[in-house]
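To start, the structure under review is shown below, and the notes come after it.
Dropping the structure here:
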């Protein structure tokens, strides 16, 4: 345990400060090249740099590479490679808008390092009831996990600071769960993700100076999914991001097909005081944000905080689940 | 505070734990034999089928809860 403390401190320091230090340069470089988008929820139609995925991937990868030097285990290498491939897929999608099926298919291939390096345990662990051995089914789960996590986090990236703040809360909760389960190395990997996203949140929070873009949001999701698999905490990881899963579930159950999020009708509109309210458009999808503003219009900042409250609640449920893993009925 | 959405998350959590229990109790011990080399394939196929049925039931349950929550929010 003691021998993990120094590498952990070095890795999370690199994770935090590389993103914290690099993001302003990325913002300036993007603004200089006019690679900006309109912030649709601002009255003044502010232009915001996008995508900021480069600083996120540098933070995650550099910290994990340092960690891999200390602990050369295939699990860490698998997350390094999977996250990098997912970043490339996201970057392609940022540069050129691909069809709805491109991302899920391309991200499925990103799970290859986990399978090829054998960085998984085919026993699926459930609280209270123990584990179930499903070797072939589990391989399919690994392939599906990365696209699902990537797209789930990407689909919640709709308001200032939400994606980075949400993944910060979820990955801190996941780290606590991994420490409870005494999976310390993977717990440190999860902390690297938590600190990278926390540093990015500083620039992404309301009012955003940068958007993560598909490259950033998918990188967050793929890293999170990879950690869930190598840590054998798939169920706990899913519980920690339940608000994002609900968002995808509501969206899919109302749209009933996989589409690129830019192709869909906006489920919200603005009031005179520029708060968000549900649209009267019948064909607009149902989303978590639409649920939150169904009762009364809320400001962008208020909605973000409501989502964070839901994330904290899910994180607590995930931690309770981790404690329940040690109990068998 | 969005109490109905917190309830929805809690319901999903309960459904995950119950669904996990069903997986461990029913799918885990499932084993077919007699088909020689095809046994692992048949076992996996049967497990996949049951898992799909469980997921289908899970999604139906969630849709019912979602509709109930929506009605509750719009009636408030």
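Chains as they are written, first to last, in my numbering: chain Z, 2 to 330; chain V, 8 to 83. We treat Cβ as the ideally placed atom computed from N, Cα and C, and that holds for glycine.
Can you say whether residue i is buried or exposed, counting buried as having 16 or more other CB atoms within 10 angstroms of its CB?
i	result
residue 50(Z)	buried
residue 44(Z)	exposed
residue 74(V)	exposed
residue 20(V)	buried
residue 130(Z)	buried
residue 96(Z)	exposed
residue 54(V)	buried
residue 182(Z)	buried
residue 27(Z)	buried
residue 1(Z)	Summary: the structure shown does not reach residue 1(Z), with chain Z confined to residues 2 through 330, and so no result is reported for it.
residue 82(Z)	buried
residue 172(Z)	buried
residue 186(Z)	buried
residue 281(Z)	exposed
residue 37(V)	exposed
residue 77(Z)	buried
residue 73(Z)	exposed
residue 190(Z)	buried
residue 205(Z)	buried
residue 161(Z)	buried
residue 150(Z)	buried
residue 324(Z)	exposed
residue 60(V)	exposed
residue 94(Z)	buried
Could you pull the DSSP bridge partners for residue i from this structure?
i	result
residue 269(Z)	279(Z)
residue 166(Z)	Looking at the DSSP assignment, residue 166(Z) forms no beta bridge with any residue, so it has no partner.
residue 124(Z)	134(Z)
residue 66(V)	Beta-bridge pairing links residue 66(V) to no other residue.
residue 236(Z)	DSSP output for residue 236(Z) lists no bridge partner at all.
residue 179(Z)	Answer by DSSP bridge pairing: none, since residue 179(Z) is not bridged.
residue 211(Z)	50(Z)
Just the chain Z side, please: which residues come within less than 8 Å of residue i by C-beta, in chain order?
i	result
residue 63(V)	Going along chain Z, no residue has its Cβ under 8 Å from residue 63(V), so there is no contact; the nearest lies around 13 Å.
residue 13(V)	311, 314
residue 70(V)	254
In the DSSP assignment, the alpha helix (DSSP H) including residue i goes from what residue to what residue?
i	result
residue 205(Z)	185–205
residue 274(Z)	From DSSP, residue 274(Z) is part of no alpha helix (DSSP H); its letter is neither H nor E.
residue 314(Z)	301–326
residue 104(Z)	103–111
residue 157(Z)	Looking at the DSSP string, residue 157(Z) is not in any alpha helix (DSSP H), and its letter there is neither H nor E.
residue 215(Z)	214–231
residue 43(V)	From DSSP, residue 43(V) is part of no alpha helix (DSSP H); its letter is neither H nor E.
residue 33(V)	No alpha helix (DSSP H) holds residue 33(V); DSSP gives it neither H nor E.
residue 118(Z)	Taken as a continuous stretch (DSSP letters only), residue 118(Z) belongs to no alpha helix (DSSP H), as it is neither H nor E.
residue 14(V)	10–29
residue 38(V)	Residue 38(V) -> no alpha helix (DSSP H), and no H or E assigned at all.
residue 244(Z)	243–256
Using the beta-carbon of each residue, which ones in chain V are nearer than 7 Å to residue i?
i	result
residue 307(Z)	9
residue 240(Z)	20, 23
residue 131(Z)	31
residue 324(Z)	In chain order: nothing, as chain V lies at least about 13 Å away.
residue 250(Z)	69
residue 138(Z)	51, 54, 55, 58
At a cut-off of 8 Å, is residue i close to the ligand MG when judged by its beta-carbon and the heavy atoms of the ligand?
i	result
residue 91(Z)	With respect to the ligand MG, the structure offers nothing, as it holds no ligand at all.
Run through chain Z and tell me which residues come within less than 9 Å of residue i, C-beta to C-beta.
i	result
residue 40(V)	Those within 9 Å of residue 40(V) in chain Z number zero; the least Cβ separation is about 16 Å.
Output, in chain order, the set of chain Z residues within a Cβ distance shorter than 7 Å of residue i.
i	result
residue 75(V)	Those do not exist, as residue 75(V) stays about 13 Å from chain Z at its closest Cβ, beyond 7 Å.
Along chain V, which residues have their Cβ under 9 Å away from the Cβ of residue i?
i	result
residue 247(Z)	12, 15, 16, 19, 69, 73
residue 135(Z)	30, 34, 35, 51, 54, 55, 58
residue 127(Z)	23, 24, 26, 27, 28, 30, 31
residue 23(Z)	Ordered by position in chain V, no residue passes the 9 Å Cβ test against residue 23(Z), which lies about 35 Å from the chain.
How would you list, in chain order, the residues of chain V whose beta-carbon sits under 8 Å from the beta-carbon of residue i?
i	result
residue 236(Z)	23, 27
residue 243(Z)	16, 19, 20
residue 293(Z)	9, 12
residue 318(Z)	16, 17, 20
What are the complete alpha helix (DSSP H) segments, minimum 4 residues, inside the region 15–93 of chain Z? 54–71
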